[in-house]
Each structure stands twice: as structure tokens, then as C-alpha cells.
Amino acid sequence: MSKLNRRSFLKATMATAALGAMTACSSSQAGGAYTPAAKGKSVMGLVAPKMETVRVGLIGVGERGVGFVRHFCHIDGAVVTAVCDTDPIVLERAAGIVTSLGGEKPALYGEHPYAYRDMLARDDIDIVIISTPWEWHHPMAKDSMLAGKHAFVEVPLALTVAEMWDLVDTAEKTQRNCMMMENVNYGRDELMVLNMVRQGLFGELLHGEAAYIHELRWQMKQMDRKTGSWRTHYHTTHNGNIYPTHGLGPVSQYMNINRGDRFDYLTSMSSPALGRAAYAKREFPADHPRNQLNFVHGDINTSIIKTVKGRTIMVQHDTTTPRPYSRHNLIQGTNGVFAGFPNRIALETGGRLDFHHWDYEMEDWYQKYDHPLWTRMGKEAEKQGGHGGMDFLMCWRMIYCLRNGEPLDQDVYDGAAWSVILPLSVASVADRGNSKDIPDFTRGAWQSGQPLGIVS
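Numbering (mature numbering (1 follows the signal peptide of the UniProt record, and there is no 0)), first residue to last: -30 to -1, 1 to 426.
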């Protein structure tokens, strides 16, 4: 992408982000739990016709997307047929990876920001992997489904309540999958805890804690390329939890959200926004563009979700303060608790220690409760990499389901429910922490939805 085009793209990104924030607030104030009439059949449990070979098209192959290129080249039954990116450097890099791993050179697109639509017109693409800046997730996923493809979207699924409903409606109308690729659900620890929950180890579930605590101020130094060149600006337009799904996705699956329970409402509050301005003052000259920004996103945001069954979930976001990484990954039941970072467990019955003391020794727990999916594919996942193997395992599982006629582990309703915390937390913070209703994107189907099974 030329400097002029990249500059225009970044301006458009900022404008869209600002509009998204305003839309989130206005739609919430108008009634965030409004449920529009269905435009198609529910896609809960959707099973696509079996595919002998899954033909993959990718949009966005920069920092995040390049890993997906490698992963799909290492998965039996998957073939990369086309790639789109407006940056010619990463576009050619992706093509080189495919050919170096024995594949045919994919068709390349990227002459302008909407070149992806030319790619979608191809008839040799079954699924589309979308790894682009956030404001492009909704239009690209929608266009993919309307073109007859299954859409797989990086987090978050979309930015506003209206966009999420639009993706739900489009998936139902087209009967196409629209999965938000929450990779953390495929981590070894998260899979093990899911197995523990399904076996009743913690008793009846009461409370969960999820987070994305990851110091990312250094991304502010990425001015013209990479994630920080566009993600930094969300800290100037939104004040809430702008990245809720990494911690929330696993906890939601523990609690059978959209499959027997659902989110009801949330309340959210943010700390002062101090850290990024201080970092900019320390790291950049006074006249640097980063010192001209007005950072409004609180350094730490805390949201509390209440489910229809009365359970509670605390969700935190902090990419600014100096502290160790954490996603919390806490689940509390009537018989005990598991918490991550570091992993530890305490049980009233069934544990090695009394529940007043944490058990940090995990090896025996892994031996007994490792998820069958990890037992089967864990070594290969660790070999192929991607956040400890979770990225590869997610991609492998997606292809497996499509080739074997099985429903995906995550659907459009999950992606919408987990992502809608972004706009609703912004609305709640702006409204002095008052609660905001969370839409039922399943339109009542959660009451009969089947819990995610322990697949092998």
C-alpha cells in the first residue's frame, strides 16, 4: 500500500471507529436488547455439506493473517487458493509461504481496499479467513456470506449492536457459517477446564472471571504499518472494554452461554485514562503525532455480566498498565474453583488439598482431565505453533468439522454475544455505569441449544 493510500486508509479507520462508538451509544440508548424479526432460519447447530477439500481464501495476511496461511498449508484437506491484502509486501510473502510448503501459488488481490470483493467472486473458495482491522470485519464477513462462502472472522466479530444483528441475519438468510475465531477456546488449559466442568468437578457454576490484561503501549510506536498503526486510535474514540473475547469466550463455554443460559445485562466502569498519554510524553517528541492524540479509553475497564440464570462474570481489559499478562480464566462452582495465571485449583471434595489452599501442581490434573481433542492433536498443535498451539488447533478443528459434516464449535450467536460487550460497555461507561441489556441474538433458541460436547 502506498503512503498516500495507507494515510487515507488510516483516516477512514479513525472516522469509522468514531462512528462506531456513536452508533453503539445511540443504539443502546434506544434499547440495546431490541430483537428484530428473523430474516431466515436459525443456524444454531448448522451443518454444511461435507467437503472433501476445503478451499481457503484469506483477507488480510499481515501480523495475524500470515500465521493462518502457514496453518492451513499444514492441514490435510485444506488448500489456499486466493489471498487478498492491500500491502504488496505481505501479499507476496503469503504467496511465497504457500509455494514453499508445496502448494500452488494462490491468486493474489489487493489493488484497492475493496479488491477482496473481486476475490469473493471466485468459485474456488469455500471459506474466507478475515484478519483485518476491526472496522472491516462486519462488511467483509457479510460480503463473504452473500457470495456463498463461509466466513471466519478474527476478534471481535463486529463493532456495533446493529452490525452484529446484521451478521446474524445474513448468516440465517444465507445459511452460511459465520464464526468468530476465538483461538483461546482451543488452549490446553481452557480445554481441560471445559472437560472438568462437563464432568461436574466444580459443582453447580456460580461465577466466572475473564480478562485481557496485556501491556501493549509499545504498539504506539507502529505508525505506518502493523497493528499499532490502527489499533492505537481506538483508545481515542472508545471508553469501555474494546477487546473482551479472549477471556470471555472460554468462560462462556464453561457456562453454556447460548446453550442453556445467556447473557442478560451488564454494567461497566473505567479507570482514568492516564497511561498512554504519559507513555507518549515519555517516548515521543512533543510535536509527535502520538502526543497530539486525546486518549479517552480508561487504562483499566471492569464490566460485570449477569446471566439469565443469575450467574455473574467479571470481564476486565487493560493493555496500558505495567503488569503481568493475564486472562484470569476463573470459574467458581459450589464445589470449588479453578483460576489461571498461574494455574491453580481448590476443591471441597475431590482435591488433593483442602479448599483453603491452592493446588498449583497441574500435572496430575492434566493427566486426568486433558481434553480428548488436545490428547489427540496437542503435540502437532505445539509443533505448528500459534500462541502455544491454540491457533493451529482451532484451524484444524474448523477444517475437520467442514470435512466431516459436523457443526462448528462456535457460531455467529457466540461471536455476537461475546463481542457485543464492546459497544455495550462503552454505552454503560458513558451512562455512569448504568446497566445495559444484552441482546438475545439466538432469538430464544438458547433455551434448547445443546451444550458444547467433549469431542475427540
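For glycine and all other residues, C-beta sits at the position ideal for the given N, C-alpha and C. Values in this document were obtained by computation on a predicted structure and should not be read as measured data.
My output table needs one value for residue i: the three-state DSSP class, helix, strand or coil.
| i | result |
| --- | --- |
| S(-3) | Its pLDDT being 35, under 50, S(-3) is placed unreliably by the model, and nothing is read from it. |
| N147 | coil |
| S426 | coil |
| H326 | coil |
| A415 | helix |
| E331 | coil |
| S238 | strand |
| I227 | strand |
| E376 | coil |
| L129 | coil |
| M21 | coil |
| Y4 | coil |
| R92 | coil |
| V221 | helix |
| E205 | Here residue 205 is His; the residue named in the question, Glu, does not match the sequence. DSSP places H205 in helix when its eight states are reduced to three. |
| H357 | helix |
| V13 | coil |
| P393 | helix |
| P255 | coil |
| P421 | coil |
| N264 | coil |
| L363 | helix |
| A141 | helix |
| K112 | helix |
| Q169 | coil |
| H381 | Note that residue 381 is Asp in the sequence shown, not His. It is coil, neither helix nor strand. |
| A250 | helix |
| M(-9) | For M(-9), the predicted model reports a pLDDT of 42, less than 50, meaning its position is unreliable; a value from the coordinates is still stated below. The answer is helix: DSSP assigns M(-9) an H, G or I state. |
Report buried or exposed for residue i, applying the criterion of at least 16 other Cβ atoms within 10 angstroms of its Cβ.
| i | result |
| --- | --- |
| S389 | buried |
| E124 | buried |
| P58 | exposed |
| V425 | exposed |
| A8 | exposed |
| S418 | exposed |
| V31 | buried |
| E174 | exposed |
| D410 | buried |
| Y4 | exposed |
| E81 | exposed |
| S(-4) | For S(-4), the predicted model reports a pLDDT of 39, less than 50, meaning its position is unreliable; a value from the coordinates is still stated below. It is buried - the Cβ of S(-4) has at least 16 other Cβ atoms within 10 Å. |
| Y156 | buried |
| L317 | buried |
| N404 | exposed |
| P109 | buried |
| V24 | buried |
Look at residue i and residue j and say whether their C-beta atoms are less than 9 Å apart.
| i | j | result |
| --- | --- | --- |
| C43 | L71 | yes |
| Y330 | N313 | yes |
| residue 498 | V285 | This structure leaves residue 498 out entirely; the chain is present only between -30 and 426. |
| M368 | M149 | yes |
| D257 | I270 | no |
| L28 | V50 | yes |
| I161 | L343 | Sequence inspection shows Leu at residue 161; the Ile mentioned does not correspond to that position. In contact: L161 and L343 (Cβ atoms closer than 9 Å). |
| W328 | A351 | no |
| L392 | P6 | no |
| Q354 | R40 | yes |
| I275 | I408 | yes |
| V382 | N153 | no |
| M115 | L129 | no |
| E142 | G10 | yes |
| G245 | R297 | no |
| G210 | H267 | yes |
| V13 | Q145 | yes |
| residue 487 | Y249 | Here the chain has residues from -30 to 426 only, and residue 487 is not among them. |
| P214 | S398 | no |
| H341 | R158 | yes |
| A65 | P76 | yes |
| M151 | D96 | no |
| G47 | R346 | no |
| R229 | T277 | no |
| A117 | T140 | no |
So what does residue i bridge to, in DSSP terms?
| i | result |
| --- | --- |
| V123 | I100 and M150 |
| residue 463 | The question about residue 463 has no answer here: the residues shown for the chain are numbered -30 through 426. |
When you measure from the CB of residue i to every non-hydrogen atom of the ligand MG, does any distance come out below 8 Å?
| i | result |
| --- | --- |
| G198 | Absence of the ligand MG from the depicted structure is noted, as is the absence of any ligand whatsoever, leaving it without description. |
Quick one: which unbroken alpha helix (DSSP H) runs of 4-plus residues sit fully inside the stretch 23 to 90? Chain order, please.
35 to 43, 58 to 70 and 85 to 90
Segments assigned beta strand (DSSP E), at least 3 residues, entirely inside the stretch 270 to 318:
271 to 277, 282 to 288, 300 to 303, 306 to 309 and 314 to 317
Scan the stretch 171 to 202 and note each continuous beta strand (DSSP E) run of 3 residues or more that stays entirely inside, going in chain order.
175 to 183
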